[in-house]
Amino acid sequence: MHKKNLFLFLFFWVAQSGMAEIQSQPDKQKDVTQLDMADLLNVKVTSVSKKAQALSDAPSAIFVISSEDIKRSGVTNVPEALRMVPGIDVARINSNKWAITSRGFNGSSANKLLVLIDGRSVYTPAFSGVYWDAQDVMIEDIDRIEVIRGPGATLWGANAVNGVINIITKDAEKTQGGLLTAGGGSYETGFGSLRYGKKLGDDTYGRIYAKGFQRDNFKTSGKNTNAGDDWSKQQGGFRIDSRLTEQDELTLQGDLYHTDINQTLMTPNFIPPTFNQTISDQAYNEGWNITSRLRHKYSTTAEYILQFYYDHTRRNEFFSQQSLDTFDIDFQNSFELTDSQDFIWGLGYRTNMDQFNTTQLTALTPSRRNTQLFSAFLQDEFTLVEDALWLTIGSKFEHNDYTGFEGQPTARLMWAPSPKQRVWAAFSRSVRTPARAEQDVDLLRAILPSPPLAQFGGASLPMEISINGNKAFQSEVELTYELGYRFTFSPKASFDFAAFYNDYDKLRDTASLSDVPTFVSPGTDGILQPHLHLPLVFQNTGKGRTYGFSTSTIWQMSDWWRWDLNYSFLKTEFAGTLQVATQPVSPQNKVSLRALINPADNINFDLWLRYNSDAIVTVPTVVGGANTTTIKGYVTLDARLAWKPMSNLELSLVGQNLLADRHLEYVDEVFVVPSEIPRSVYGKIAFDF
Amino acid sequence: MLNHTISTVNTLFSAIKIAPVLMIFLLMECGSFRTALADTLEEYTVKAALSLNFARFTEWPPDGFTANSSVITMCTLGDNVIHDAFSGVEKKTIGKKTITVINLTRIRDLNQCQLLFVSGMEKNKTIQLIDEIKMSPILTIGEDDDFIKSGGMVILKIVDGKVSMQINLDAVKKARLQINSRVLKLAKIVSP
Chain B
143 MHKKNLFLFL FFWVAQSGMA EIQSQPDKQK DVTQLDMADL LNVKVTSVSK KAQALSDAPS
203 AIFVISSEDI KRSGVTNVPE ALRMVPGIDV ARINSNKWAI TSRGFNGSSA NKLLVLIDGR
263 SVYTPAFSGV YWDAQDVMIE DIDRIEVIRG PGATLWGANA VNGVINIITK DAEKTQGGLL
323 TAGGGSYETG FGSLRYGKKL GDDTYGRIYA KGFQRDNFKT SGKNTNAGDD WSKQQGGFRI
383 DSRLTEQDEL TLQGDLYHTD INQTLMTPNF IPPTFNQTIS DQAYNEGWNI TSRLRHKYST
443 TAEYILQFYY DHTRRNEFFS QQSLDTFDID FQNSFELTDS QDFIWGLGYR TNMDQFNTTQ
503 LTALTPSRRN TQLFSAFLQD EFTLVEDALW LTIGSKFEHN DYTGFEGQPT ARLMWAPSPK
563 QRVWAAFSRS VRTPARAEQD VDLLRAILPS PPLAQFGGAS LPMEISINGN KAFQSEVELT
623 YELGYRFTFS PKASFDFAAF YNDYDKLRDT ASLSDVPTFV SPGTDGILQP HLHLPLVFQN
683 TGKGRTYGFS TSTIWQMSDW WRWDLNYSFL KTEFAGTLQV ATQPVSPQNK VSLRALINPA
743 DNINFDLWLR YNSDAIVTVP TVVGGANTTT IKGYVTLDAR LAWKPMSNLE LSLVGQNLLA
803 DRHLEYVDEV FVVPSEIPRS VYGKIAFDF
Chain F
414 MLNHTISTVN TLFSAIKIAP VLMIFLLMEC GSFRTALADT LEEYTVKAAL SLNFARFTEW
474 PPDGFTANSS VITMCTLGDN VIHDAFSGVE KKTIGKKTIT VINLTRIRDL NQCQLLFVSG
534 MEKNKTIQLI DEIKMSPILT IGEDDDFIKS GGMVILKIVD GKVSMQINLD AVKKARLQIN
594 SRVLKLAKIV SP
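Line order of the protein sequences matches chains B and F. Here our numbering is used: the first residue of the first sequence is 143, the next is one more, and so on. Here our numbering is used: the first residue of the second sequence is 414, the next is one more, and so on.
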């Protein structure tokens, strides 16, 4: 009740003051054109309302996090920054793990999202999800993060079923000189970064960077003990941007990193009476990557881009030891087909070479696999009515080693009823192709004591429940209907609405192949005691639908105060045999309210209030899969105060999750012991030289 | 654990009921002195007005206007913020001529423009654009140093919160345009 009242109050207060502001807008335009040039050059100008006023022309649910947004939110990593996006669900599992999705189905192995860092795909084909603990960039060098909710399948890869997150770093020309940052606090026990950029030649710029951090333990959920999930990272990299000719731009970049991760796991074993043990796992991940991109512009309306990258990652955890090498080459070409048609087409090839070592809990057969992906896309944008109506149609075609050919068409229509408004609608079909694990894994999920068995004189035997891949596992199919509306209702305020309806077929589910577990004699599978085995196999028998909408309002209340208010609503419904147990459900209501305040020219003060309603996740316990548990909704607040005593020096103080000692956001489906996010504070210094 | 969470949530609800709201109002009051100082204008309103002045103080070669046209066409390449700002100079008159603003959505039919304001275009594209029209009598206005480097004529750049003007006279002359010396005196003359 209280929270509703608060939000209603804030909403109406903001709305009311907004209307007053809009109505009292003085008509400055007319006066300005009467001013003479000397006066115009002498007047103080401001561009603060640009963000509030700008209207995207993309016929999709796009949201852009700017570098300024990242700085002022006080976040220290990419996953936390994504909390700014409506329709994106960010749930922190422990100190070093996140579950992130777009439009539902959140889980630590959430699998319907494509994440790109400067054009390099970072989702892992092992389970089609993202290892967020391995993904990092120099946060100050991010130019923007573009997030598209919904299928981005036409231009992007096969995994962009429910969204694309595109992390774009700054051109090296924009990061000249040095930047030193350092800080620490209660959770962020210490972090620092150093970047240096230099002009390397005529129209050639470069930068190098190094960063590191040490992050503390969270607390185990429901207990007052350390969750044993502290972690640290060292990372370095470079980027060179060169203009080879008037028409050619070449970018070369690379990164190298190592992350030490601690985590507490609860893993199954054959030792009674609990049949599980708690393990303090010292894990790590490391990797390197190199990307090269050539852009050739051959007229004002035509260009091609040729990109290749090589990415190596290695990951060692108690339950999984894997390495992956990816080589990818992409070509795309855009040009004006006729006066009213913009055409873009592309070709791509990717090869994934992986290796999995067998651990106590997982084995993949075969342990090495080299898979190849061929893709092509074409898209045509028609201007049906100049300045008013556009139609985009296109399709992506791909051939993968798991399911063969897949086609993913989309059609998008955009209408501009006035220069200040955009209405768009879209229909798309997209597929989520199988992950390596879904075909090849053998995962020990749980061991439970069986009920007393008459044939063993009423004794109970341990029963092993495993999850097994299915070589016949197919792609999940999604049909998406979208509708959007954008309105810049004053030079200082804009509103963005996007609704969707997703119809899923062939969703992943697990089913046991027989009703009774099989009896395994001692020694036959390497286990020296008699036990039962119940294998659960991945099936494409799930059906479901999700629908919802999100809104995003930006209001520049005055030159020194901006509000960003986002709300998202999501409903998840499963049909048929599919149980919630195998497909987690994201929170139904989410609110993010940010106030960006400049009390003085060299002082920033920011508040960020977030609300999440209850979420449903799975907990592994019972035969036949899992139980569900509800994560209680929460409200939290971040605050940041920054002061620039000199133009090249900034001191800031950030408080995160201030409203409670700690709160739970997620319970991992598999082995990770849940921990709670604590209230924390850190200070930071940033020095340009 | 659940009970604990519920009670925590309840406590924090009661806490947040007051704290942020109070803080916000406090800030509103503290900060209100800033509104008094806020005698500023929107960046693009000023840039549009400056562009209008360029239209006023530039002489085009006789062939730059199609047959005794009674309009001066100002074209923009930019987003809705630019469009909005330039709508403020539409229909203004300069002598016997009226200003028409065309917001180009594609880079085409540039020869209908006497003046072209370019905003937020990537460098690669700008170079191609300028190359295409460098001999045409179109006064090109951009916003950063790259624009001059790419062969553009005028930039309106923000320096210390004010607009500063830089003019590449060579490019202006090549296009057979003449900018009134009153304007030149207010600008920094640069070469690419």
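Even for Gly, the Cβ is constructed at its ideal location relative to N, Cα and C.
Residue pairing for F/Arg521: DSSP places it in no beta bridge. In the three-state reduction of the DSSP assignment, F/Met548 falls in the coil class. Taking the Cα of B/Leu603 as reference, the smallest distance to any Cα among B/Leu590, B/Gln550, B/Phe680 and B/Pro729 is reached at B/Leu590. Around the beta carbon of B/Asn219, 16 or more other beta carbons lie within 10 angstroms, which makes this residue buried.
Its chain contains Leu398 and His454 as the residues whose beta carbon lies nearer than 6 Å to that of B/Trp430, once the 5 sequence neighbours on both sides are disregarded; these appear in chain order. Residue range Gln563 to Arg574 is occupied by the beta strand (DSSP E) that includes B/Val565. Listed in chain order, the non-local C-beta contacts of B/Ile447 below 6 Å within the same chain comprise Arg437 and Gln474, local neighbours out to five positions each way being set aside.
Annotation for B/Thr493: Phe469 and Gln514 place their beta carbon closer than 6 Å to its own, counting only its chain and skipping 5 residues before and after.
Inside the segment 751–821 of chain B, DSSP marks whole beta strand (DSSP E) runs of 3 or more residues at positions 757–761, 769–773, 776–788, 791–798 and 817–820, from first to last along the chain.
When Cβ-Cβ separations below 8 Å define contact, B/Ala180 makes contact with chain F. Using a 10 angstroms sphere on the CB of B/Glu391, the tally of other CB atoms reaches 16 or more, which defines it as buried. Non-local C-beta neighbours of B/Ile819 in its own chain, meaning closer than 7 Å and more than five positions away in sequence, comprise Arg234, Phe360, Asn799, Arg804, His805 and Glu807, ordered along the chain. Here B/Met605 is buried, its C-beta having at least 16 other C-beta atoms within 10 Å. B/Gly370 places its beta carbon less than 8 Å from that of B/Thr406. Rounded to whole angstroms, the separation of the alpha carbons of B/Ser817 and B/Thr362 is 4 Å. For B/Trp373, the three-state secondary structure derived from DSSP is strand. Nearest to B/Lys365 by alpha-carbon distance, out of B/Ile827, B/Ser822, B/Gly825 and B/Val815, is B/Val815. Of the candidates B/Ser694, B/Val565 and B/Arg554, B/Arg554 places its Cα closest to the Cα of B/Thr622. Contacts between F/Asn537 and chain B, judged by CB atoms closer than 7 Å, involve Glu391, Arg437 and Lys439 in chain order. Chain F has no Cβ within less than 8 Å of the Cβ of B/Gln497. Within its own chain, the residues whose Cβ lies closer than 8 Å to the Cβ of B/Phe547, once the five positions on either side in sequence are excluded, are Phe539, Glu540 and His541, listed in chain order. When CB distances to chain B are screened at a threshold of 7 Å, the residues of the segment 484–497 of chain F falling below it are Asp492, Asn493, Val494, His496 and Asp497, in chain order. Contacts between B/Glu388 and chain F, judged by CB atoms closer than 7 Å, involve Ile540 in chain order. B/Gly490 and B/Asp423 have their C-alpha atoms spaced approximately 39 Å apart. Proximity to B/Ser198 across F/Arg469, F/Gly491 and F/Ala461 peaks at F/Gly491, based on C-alpha coordinates.
Burial is judged here by how many other beta carbons sit within 10 angstroms of a residue's own beta carbon; B/Gly825 has fewer than 16 and is exposed. For B/Lys713, the enclosing beta strand (DSSP E) stretches over residues Trp703 to Ala717. Any Cβ of chain B closer than 8 Å to the Cβ of F/Ala468 would place that residue at the interface, and such an atom is absent. Around the CB of F/Gln541, 16 or more other CB atoms lie within 10 Å, so the residue is classed as buried. In the three-state DSSP reduction, F/Arg469 falls in the helix class (H, G or I).
Residue range Asn493 to Ser500 is occupied by the alpha helix (DSSP H) that includes F/Asn493. Within the same chain, Ala352 and Leu398 come within 6 Å of B/Gly378 by CB-CB distance, once the 5 residues on both sides are set aside. DSSP places B/Glu210 inside the alpha helix (DSSP H), whose first and last residues are Ser209 to Ser215. Counting C-beta atoms within 10 angstroms of its own C-beta, F/Asp522 has fewer than 16 neighbours from the protein chains shown and is therefore classed as exposed. Only those residues of the segment 555–589 of chain F whose C-beta falls short of 8 Å from the nearest C-beta of chain B are listed: Ile571, Gly574, Lys575, Val576, Ser577 and Met578. By the Cβ criterion, the segment 699–708 of chain B is not in contact with the segment 676–684 of chain B, since fewer than three pairs of Cβ atoms, one from each stretch, lie closer than 8 Å.
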